[in-house]
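Structure first, then comments.
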Amino acid sequence: DSLAACLRDREAAALIVEPLVLGAGGMLTYPAWVLAEMRRIAETSETLFIADEVMTGWGRTGTLFACEQAGISPDILCTSKGLTGGSIPLAATLATDAIFQAHYSHDRSRTFFHSSSYTANPIACAAALANIEVWRTEPVMERLASLSRMQAERARRFEGDHRFSDI
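Our numbering puts the first residue of the sequence shown at 8, with every later residue one more than the last.
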């Protein structure tokens, strides 16, 4: 209710969320239905919904992107670390066609010029393409699921240890 009221009563350009895991908030998790509800509220209030999947993307939450678990598609999706398989820094910002078209133009007054001196590093782009090919052709999610089960089994030995919580 607070989020709906906030977005309804103010002119917010966007709602930016870390889907399912608040990495910057101390690795706190929340259920997929909460993410779906945030998306619904943003859509109802005509607020852009931006998913920061830098930490949660590329299989880290059990699906390629965490948003999939809530059955939602953001207006803008930010991805990074896993894009190159962790081999070299590279980021990508994905957007709906409507957002892309709003900034795509030969008219320089309409173009969104945002860049850095490291833009389009050919080595990073090659690493990303190679990583995407691995995701397309190999059973990456199955391997991740197997590793996740093994990790969960081994983490159980810490249950009851006062130094750890939420095992």
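Note that the Cβ used here is the ideal one computed from N, Cα and C, for glycine as well.
This one's a predicted model, so the numbers in the text were calculated from it and none came from an experiment.
In the DSSP assignment, residue 104 falls within the unbroken alpha helix (DSSP H) covering 104-110. About 25 Å separates the CB atoms of residue 131 and residue 154; that is not less than 8 Å, and the two are not in contact.
Inside the segment 15-45, DSSP marks whole beta strand (DSSP E) runs of 3 or more residues at positions 21-24, from first to last along the chain. When DSSP states are grouped into helix, strand and coil, residue 133 belongs to the helix group. Contact check for residue 35 against residue 29 passes: the beta carbons are separated by less than 8 Å. Per the C-alpha coordinates, the member of 117, 109, 140, 44 positioned closest to residue 76 is 44.
Residue pairing of residue 101 in beta bridges, as defined by DSSP: 84. Counted as a single uninterrupted DSSP element, the beta strand (DSSP E) harbouring residue 58 occupies residues 55-59. In the DSSP assignment, residue 90 falls outside any alpha helix (DSSP H), carrying neither H nor E. Exclusion of the five residues before and after residue 11 leaves 48, 51, 52 as the residues of its chain whose Cβ lies within less than 8 Å of its Cβ. The C-beta separation of residue 70 from residue 135 comes to about 19 Å, leaving the pair out of contact by the 8 Å criterion.
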